[in-house]
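Right, one structure below, let's go through it.
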Amino acid sequence: MSLPAPSLRLSVDTLLGPGGALQSALEAYEYRPEQLQMARSVEKAFSERGYLLAEAGTGTGKTLAYLVPALLSGRRVVVSTATKTLQEQIFFKDLPLLRERMGLSFEAAYLKGRNNYLCLHRYESFSKDPQFASREEGRYWKHLQAWASRTETGDRSELELPESFSAWSRLSTTSDTCLGSKCPVYESCHVTRVRRAAEAADLLVVNHHLFFADLALRGRGQRGEGVLPQYDAVIFDEAHALEDAAGSHFGHSVSSFRLEDLVRDALGTLETTDSRFGMLSSLVVRLRTHAEALFSQAPRVLGLNESEGAVALKPERLALLSGSIEQVKASLSALSAFTTSEREPELTLLTRRCAELVADLSFLEKVESHDHVYWAEARGRGVFLRASPIEIARELQERLYGGVDTVVFTSATLAAEGRFDFFARRMGLYDEEGVPVASVRTVSVPSPFDFEQQSALYLPTHLPDPAATGFIEAAAEEILRLCEVTGGRAFVLFTSLRNMERAHALTRSRLPYQVLLQGERPKQQLLESFREVPSVLFAAHSFWEGVDVPGDALSLVIIDRLPFASPGDPVVAARIRQLEARGEEAFGGYQLPQAALALRQGFGRLIRTRADRGIVAMLDRRIVTKNYGRAFLTSLPPARRIDQLDALSAWFEGRPEVVREDDIDF
Numbered sequence: 001m002s003l004p005a006p007s008l009r010l011s012v013d014t015l016l017g018p019g020g021a022l023q024s025a026l027e028a029y030e031y032r033p034e035q036l037q038m039a040r041s042v043e044k045a046f047s048e049r050g051y052l053l054a055e056a057g058t059g060t061g062k063t064l065a066y067l068v069p070a071l072l073s074g075r076r077v078v079v080s081t082a083t084k085t086l087q088e089q090i091f092f093k094d095l096p097l098l099r100e101r102m103g104l105s106f107e108a109a110y111l112k113g114r115n116n117y118l119c120l121h122r123y124e125s126f127s128k129d130p131q132f133a134s135r136e137e138g139r140y141w142k143h144l145q146a147w148a149s150r151t152e153t154g155d156r157s158e159l160e161l162p163e164s165f166s167a168w169s170r171l172s173t174t175s176d177t178c179l180g181s182k183c184p185v186y187e188s189c190h191v192t193r194v195r196r197a198a199e200a201a202d203l204l205v206v207n208h209h210l211f212f213a214d215l216a217l218r219g220r221g222q223r224g225e226g227v228l229p230q231y232d233a234v235i236f237d238e239a240h241a242l243e244d245a246a247g248s249h250f251g252h253s254v255s256s257f258r259l260e261d262l263v264r265d266a267l268g269t270l271e272t273t274d275s276r277f278g279m280l281s282s283l284v285v286r287l288r289t290h291a292e293a294l295f296s297q298a299p300r301v302l303g304l305n306e307s308e309g310a311v312a313l314k315p316e317r318l319a320l321l322s323g324s325i326e327q328v329k330a331s332l333s334a335l336s337a338f339t340t341s342e343r344e345p346e347l348t349l350l351t352r353r354c355a356e357l358v359a360d361l362s363f364l365e366k367v368e369s370h371d372h373v374y375w376a377e378a379r380g381r382g383v384f385l386r387a388s389p390i391e392i393a394r395e396l397q398e399r400l401y402g403g404v405d406t407v408v409f410t411s412a413t414l415a416a417e418g419r420f421d422f423f424a425r426r427m428g429l430y431d432e433e434g435v436p437v438a439s440v441r442t443v444s445v446p447s448p449f450d451f452e453q454q455s456a457l458y459l460p461t462h463l464p465d466p467a468a469t470g471f472i473e474a475a476a477e478e479i480l481r482l483c484e485v486t487g488g489r490a491f492v493l494f495t496s497l498r499n500m501e502r503a504h505a506l507t508r509s510r511l512p513y514q515v516l517l518q519g520e521r522p523k524q525q526l527l528e529s530f531r532e533v534p535s536v537l538f539a540a541h542s543f544w545e546g547v548d549v550p551g552d553a554l555s556l557v558i559i560d561r562l563p564f565a566s567p568g569d570p571v572v573a574a575r576i577r578q579l580e581a582r583g584e585e586a587f588g589g590y591q592l593p594q595a596a597l598a599l600r601q602g603f604g605r606l607i608r609t610r611a612d613r614g615i616v617a618m619l620d621r622r623i624v625t626k627n628y629g630r631a632f633l634t635s636l637p638p639a640r641r642i643d644q645l646d647a648l649s650a651w652f653e654g655r656p657e658v659v660r661e662d663d664i665d666f
């Protein structure tokens with residue numbers, strides 16, 4: 001680092017404190033004592049080389065609060081986020097602010113996965129005989145060629161390509177297909193340039209999936225295959241999303257897509273005029289035949305269909321596929337035996353890919369690891385067979401904590417019922433006896449927003465139980481009435497696609513506003529349309545978090561039911577079984593706190609600035625009628641609680657004399 005830092009505490013206070021340099025540098029930037037409180041906690045974690053759990057409410061300015069001590073630490077720090085939006089905000093907005101207005105001198109790098117960059121070697125091969133899935137895709141080719149000749153980064157985001165542009169997979173690379181230093185264009189490779197920029201950087205901005213993909217590659221001993229250089233400390237922003245992101249990379253997975261890619265790449269490694277092409281082609285055709293046979297019968301045998309999502313892989317059902325699996329493994333081994341004796345880097349890479357697929361299939365078909373959950377899912381035309389760790393705690397202890405002594409976890413939602421125990425256990429920060437694995441500190445930084453004045457929590461009890469017949473029909477009527485109160489400007493969030501689609505069908509023709517539905521258009525386009533005119537957006541899953549609509553465009557968030565994870569989900573079911581096998585109570589120890597954190601995320605879509613004002617409506621009566629409802633209520637911000645629609649309307653219209661203090665009592 002080129003910035004002298006005689007005292008971290010002095011530097012943090014100087015930059016972030018009242019009258020501090022950062023405060024003075026920003027016009028109309030309001031001093032936030034909460035921001036300084038968090039910055040000091042992060043600074044202490046760096047100086048003590050320990051672990052910090054920092055819950056920072058919306059509006060605390062947590063990004064600058066952790067960036068300042070990270071940049072002043074003199075260490076290489078990785079900042080990992082859950083969303084591309086926050087990743088871009090940090091790199092393109094917050095870091096330039098600190099560099100340009102504060103005079104901080106540092107180098108930063110913004111990293112994405114390999115498949116985001118044009119692979120020059122594969123582009124050259126593709127250009128010899130460009131093939132496209134449709135004429136529509138082919139129309140982009142000249143545009144792409146012009147871009148490829150002038151781009152300095154190779155980053156796909158510079159291109160206006162549709163998300164479904166299938167040819168991109170043949171123009172980019174992954175850890176499976178990258179030739180690394182053996183590539184003939186390694187020195188001019190865009191990924192090589194990104195990696196070298198990262199090696200010279202003080203701060204690396206990545207996303208969770210890239211971070212854990214890199215960590216998983218290191219764990220498999222594939223040094224040099226990752227993108228990230230060695231680092232000294234990690235800050236996980238949006239840390240509530242870590243468990244799912246990490247779990248997807250610390251397991252085993254074989255899909256129809258993965259085998260299709262291998263077949264396509266193998267056929268492209270040799271020219272048809274090469275004397276070895278005939279043998280290679282016959283081996284690849286054999287593999288393709290057996291792979292297609294396996295994945296064509298797998299959905300029927302496993303009881304899998306796309307509408308039901310994932311199903312558990314049961315030994316007795318997998319046994320019915322054992323013959324097909326063995327044929328695929330034998331075909332992979334035969335192809336590997338052929339490529340092992342060859343010298344071309346592309347053929348050598350095929351050897352490794354075949355070996356990894358054989359190992360993954362062998363692990364999956366045994367279904368014998370008690371620490372993993374085995375499951376299958378259909379996604380589009382693809383079929384996936386997976387085995388994931390039931391818990392990531394041990395994986396983090398072995399792969400991350402042993403090599404990094406400073407880790408900061410931060411999010412607006414880490415504590416359930418005011419305690420960090422649930423999150424800390426899931427992250428492996430406590431051992432099985434509940435003893436911290438290292439120095440673990442916690443800090444809860446409250447939001448500066450006045451939730452009692454800015455927000456109302458509507459809790460009706462007249463609707464049916466969510467499991468009762470007629471719930472979604474009754475909920476649809478309530479949605480119509482609530483939208484009348486706010487003039488639309490509403491997110492209607494669902495815990496299932498089925499309920500979302502049903503409620504949308506029941507209300508769309510009766511709502512006098514623009515009605516939007518998740519999936520009809522890309523997420524960013526939906527949000528842009530939502531902001532333009534009064535709208536009602538029906539959404540699920542990805543809209544519960546990481547979506548920021550400040551101002552009058554959003555005044556109402558409706559949630560259909562408490563967001564308990566489905567016990568039918570194989571991963572959730574496995575976690576429940578594991579806890580019960582230990583003699584622990586799964587509902588109170590896992591399902592309830594997980595759902596409470598998810599509900600806080602949904603609530604958090606509403607109030608984004610000090611000027612925002614609006615309503616969160618929870619249509620699930622269980623939050624009031626069940627004993628466990630109090631756990632949800634105590635986890636939420638202190639909004640004004642109302643159970644009558646006329647009182648809610650009066651509050652929204654600013655007629656406080658109509659809303660008595662005893663309108664609702666929980």
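When we follow UniProt numbering, the leftmost residue of the sequence shown carries the number 1, and every step to the right adds one.
All C-beta atoms in this analysis are idealised placements derived from N, C-alpha and C, irrespective of residue type, glycine included.
No experiment lies behind these values; they were computed from the predicted model shown.
1. Looking at the secondary structure, which residues open and close the alpha helix (DSSP H) in which I392 lies?
2. Roughly how many whole angstroms lie between the Cα atoms of Q37 and S635?
3. From the DSSP output, in three-state form, read off R156 for me.
4. Apply the 10 Å Cβ neighbour rule to G303 and answer buried if 16 or more other Cβ atoms are within range, or exposed otherwise.
5. Is I576 helix, strand or coil by DSSP?
6. Answer yes or no: the CB of E433 versus the heavy atoms of the ligand SAH, is any distance below 7 Å?
7. Report the CB separation of A239 from H209 in whole angstroms; it is logged as a contact under 8 Å.
8. Buried or exposed, going by whether 16 or more other CB atoms sit within 10 Å of the CB of P69?
9. Taking the C-alpha atoms as reference points, what is the distance between G61 and W147?
10. What does a CB cutoff of less than 7 Å around T461 pick up in its chain, not counting 5 residues either side in sequence?
11. Note the first and the last residue of the continuous alpha helix (DSSP H) segment covering R481.
12. Please classify T469 as buried or exposed, where buried requires at least 16 neighbouring CB atoms within 10 angstroms.
13. Confirm, please, whether the CB-CB distance from L364 to H249 is below 8 Å.
14. Buried or exposed: where does N116 fall if 16 or more other Cβ atoms within 10 Å of its Cβ makes it buried?
15. Using only the alpha-carbon positions, how far apart do A293 and E326 sit?
16. Short check: CB of A424 to CB of L53, under 8 Å?
17. Please return the same chain residues whose Cβ sits closer than 6 Å to the Cβ of V328, not counting the five positions on each side in sequence.
18. How many angstroms separate the CA atom of D560 from the CA atom of L361?
19. Can you give the Cα-Cα distance for A82 and F603, rounded to whole angstroms?
20. Spell out whether any CB of chain D is found under 8 Å from the CB atom of A245.
21. Within 10 Å of its beta-carbon, does P389 have 16 or more other beta-carbons around it, so buried, or fewer, so exposed?
22. With a 10 Å radius around its C-beta and 16 neighbouring C-beta atoms as the bar for buried, classify K112 as buried or exposed.
23. Straight-line CA distance for L350 to L215?
24. Am I right that C178 and R114 are in contact with their C-beta atoms under 8 Å? What's the rounded C-beta distance?
25. With A586 and L597 assumed to form a contact (beta carbons below 8 Å), what rounded beta-carbon distance in angstroms separates them?
26. Y66 and V408: beta carbons closer than 8 Å?
27. Using three-state DSSP, classify A239 as helix, strand or coil.
28. Look up T85 in the DSSP assignment and say whether it is helix, strand or coil.
29. Taking the alpha carbon of A631 as the point to measure from, which residue in L463, A475, A416 has its own alpha carbon closest?
30. Which ranges does the beta strand (DSSP E) cover as unbroken runs of at least 3 residues, wholly within the region 293 to 328, from first to last along the chain?
31. Counting along the chain, where does the beta strand (DSSP E) carrying A467 start and finish?
32. Count Cβ pairs between the region 487 to 494 and the region 548 to 563 that sit closer than 8 Å; are there 3 or more?
33. Using only alpha-carbon positions, find the residue among P436, F652, S322 that is nearest to C483.
This is what the structure gives:
1. Segment: none, I392 is in no alpha helix (DSSP H) and carries neither H nor E.
2. 21 Å
3. helix
4. exposed
5. helix
6. Questions concerning the ligand SAH fall outside what the structure shown contains, since it holds no ligand whatsoever.
7. Incorrect: roughly 14 Å between the Cβ atoms, too far for contact.
8. buried
9. 37 Å
10. R621, V624, T625, D643
11. 471 to 486
12. exposed
13. no
14. buried
15. 12 Å
16. yes
17. H290, A291, L294
18. 40 Å
19. 18 Å
20. In the structure shown, chain D does not exist; there is a single protein chain.
21. buried
22. buried
23. 22 Å
24. 6 Å
25. With a Cβ gap of about 16 Å, A586 and L597 do not count as contacting.
26. yes
27. helix
28. helix
29. A416
30. 310 to 312
31. Segment: none, A467 is in no beta strand (DSSP E) and carries neither H nor E.
32. yes
33. F652
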